[in-house]
Ligand code: PEP
Ligand code: MG
């Protein structure tokens, strides 16, 4: 038995067999094939070899032109490998005997090949391992085409172990088959972690060496509550976790008794407690968990995992379905937030040095007005079918906000001209997730009817701590005095200008911080559906007056750890005697 500790990304406990996904961006599942598929797999293999050969020749030509022939010689070794008869024969033989898809057979053959090479007594040959790996990655890429859907083909229930998973990988994990996952890298507010929460898949990220510690088929326990992964547990540990898993699920069910009740404090302050969503199929769960609306719909997921962009009509149909299903509750449609850690392959968004500081979200949309306006028209059209709010991500200042609003007005005019209905009073919101926006909220307030604080980004930009990097996760601190001050500044500026202030970052779903957020004056909290009943229970158990006092005190601390210790203490006090919460948290409260 071995235990690794990482970052708890999505709560819950999963127990099952490990499926190791191969390389940081090359996961190769062992997909079974039938005997009559063997010929097709051989053909796919030959096509991938040809395609790879052409790509290498092109690169070689380019390098010869730019740097001279001697620099291009390294690719001769790559080309030779593509013609290695032994390797090719081994793959073809493997297809016939193993009856597994060619990607897997090929990657296994390659592994053997590089192991042999790295053990030979010849330095030159040993150095060729890197070449072999390089070509193998290229061939695999060509075999697997777009990386989309590679996880869709998993047919048994597994726990995925990977170096990393992209948010779009996570979105395609078939919920019934991937029952948990663990990764080497990643942070708590990466979109991969957020997606896992939405899909209710227990996950631990940022484990650093999990891919080295686990073998395919090992039994693994994912403890997404404490951030532990247990590899090959002994019988008693396994039993304990089985009991814990049942307890966790039972408490979740018990909390659902609040579904029909409002999120109101003991002294009658009503909070709009909404849900965040990524995929339309989450609606049933969101309703079941008792949300008062959707506070953040990350619409970009409709754009991921596909080869062509969705047109206005497709977007409209998708939004209309969500809006009608939630009616009369509001649905906050956030316009496209691509870039950062969510990429489109077909738009060929260039790779950037600092994607989170780069061409993402509203910046991308304002530069691509046709794409943006098609989405705005689709959102406006959906507003005829229920209560819709439109929200722009990553606003950095007034100019950008005004440019976005101008496009919205233009889209409205386009629809009026065509006689298409929409809600003329549609509410407009700006996400406040860049410090420059927080500092100029008074200016932005004139252009919108609500703000929504995106703490996932606001924290990373305010503290200069990448939200997806486990190495500096200790710096990524929602309780940092700078973060609390920024939130207070946004709420105060919003309220002075009669603008509602919401929070939709992951911080809104941290139970220990709920009282501080209430006390700072937030009007709405939008959280992932699974945590919503717990947050509602807390809101219903406390007094707003008390929360205000706690927020005032919290603002006096100089360090995040002291804020957090204070928040925990006050939280325990407030929930003491709350029977359901005490049973829910067992020893911890
Ligand atoms: C945020 O940044 O807090 C947010 C809600 O947006 P996203 O997580 O999609 O960047
Ligand atoms: Mg954001």
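In our numbering, the protein residues as written are 64 to 652. All residues carry an ideal CB built from backbone N, CA and C; glycine is no exception.
Inter-residue Cα distance where the pair is residue i and residue j
i, j, result
"residue 212", "residue 607", "Its pLDDT being 48, under 50, residue 212 is placed unreliably by the model, and nothing is read from it."
"residue 302", "residue 78", "11 angstroms"
"residue 88", "residue 228", "Any reading at residue 88 is ruled out, since the residue's pLDDT is 46, under 50, leaving its predicted position unreliable."
"residue 603", "residue 349", "19 angstroms"
"residue 409", "residue 119", "Any reading at residue 409 must be qualified, since the residue scores a pLDDT of 49, below 50, and its modelled position is unreliable; the value itself is stated next. Approximately 22 angstroms, taken between the alpha carbons."
"residue 373", "residue 481", "21 angstroms"
"residue 483", "residue 324", "37 angstroms"
"residue 453", "residue 490", "6 angstroms"
"residue 64", "residue 271", "18 angstroms"
"residue 102", "residue 136", "34 angstroms"
"residue 305", "residue 234", "27 angstroms"
"residue 485", "residue 445", "7 angstroms"
"residue 164", "residue 415", "34 angstroms"
"residue 175", "residue 538", "41 angstroms"
"residue 150", "residue 76", "42 angstroms"
"residue 451", "residue 395", "6 angstroms"
"residue 284", "residue 300", "9 angstroms"
"residue 553", "residue 561", "12 angstroms"
"residue 154", "residue 172", "7 angstroms"
"residue 528", "residue 535", "6 angstroms"
"residue 364", "residue 404", "12 angstroms"
"residue 559", "residue 508", "9 angstroms"
Near the ligand PEP: residue i beta-carbon under 7 angstroms from a heavy atom
i, result
"residue 543", "no"
"residue 598", "no"
"residue 568", "yes"
"residue 162", "no"
"residue 314", "no"
"residue 361", "yes"
"residue 257", "yes"
"residue 141", "no"
"residue 254", "yes"
Any non-hydrogen atom of the ligand MG closer than 7 angstroms to residue i Cβ
i, result
"residue 402", "no"
Short Cβ contact (8 angstroms threshold) for residue i with residue j
i, j, result
"residue 429", "residue 467", "yes"
"residue 68", "residue 250", "no"
"residue 437", "residue 224", "no"
"residue 184", "residue 111", "no"
"residue 378", "residue 441", "yes"
"residue 419", "residue 401", "no"
"residue 545", "residue 514", "no"
"residue 292", "residue 72", "no"
"residue 582", "residue 610", "yes"
"residue 230", "residue 162", "no"
"residue 578", "residue 616", "no"
"residue 674", "residue 456", "Nothing can be reported for residue 674: it is not among the residues displayed for the chain, which extend from 64 to 652."
"residue 531", "residue 263", "no"
"residue 443", "residue 478", "yes"
"residue 328", "residue 605", "yes"
"residue 334", "residue 347", "no"
"residue 279", "residue 294", "no"
"residue 341", "residue 361", "yes"
"residue 556", "residue 505", "yes"
Of the residues the options, the one placed nearest residue i, counting alpha carbons only
i, options, result
"residue 550", "566, 539, 535 and 562", "566"
"residue 637", "220, 574 and 243", "574"
"residue 92", "117, 222 and 100", "222"
"residue 511", "458, 593 and 267", "458"
"residue 354", "200, 539, 393 and 122", "393"
"residue 590", "294, 337, 477 and 374", "337"
"residue 277", "246, 199 and 422", "246"
"residue 352", "402, 375, 314 and 192", "314"
"residue 448", "385, 202, 455 and 529", "385"
"residue 195", "141, 167 and 479", "141"
"residue 533", "406, 252, 628 and 107", "252"
"residue 74", "595, 600 and 612", "595"
"residue 626", "548, 423 and 563", "548"
"residue 518", "509, 580 and 471", "580"
"residue 312", "294, 287 and 356", "287"
"residue 148", "109, 507, 622 and 181", "109"
"residue 138", "197, 630, 166 and 113", "197"
"residue 70", "127, 500 and 256", "256"
"residue 97", "158, 330, 152 and 588", "158"
"residue 168", "317, 152 and 586", "152"
"residue 572", "266, 182, 601 and 564", "601"
"residue 100", "177, 160, 244 and 472", "160"
CB contact below 8 angstroms: residue i versus chain B
i, result
"residue 589", "No chain B appears in the structure shown, which is made up of a single protein chain."
Strictly closer than 6 angstroms from CB to any heavy atom of the ligand MN: give me those residues in the order they appear in the chain. This structure simply doesn't include the ligand MN; it includes the ligand PEP and the ligand MG instead.
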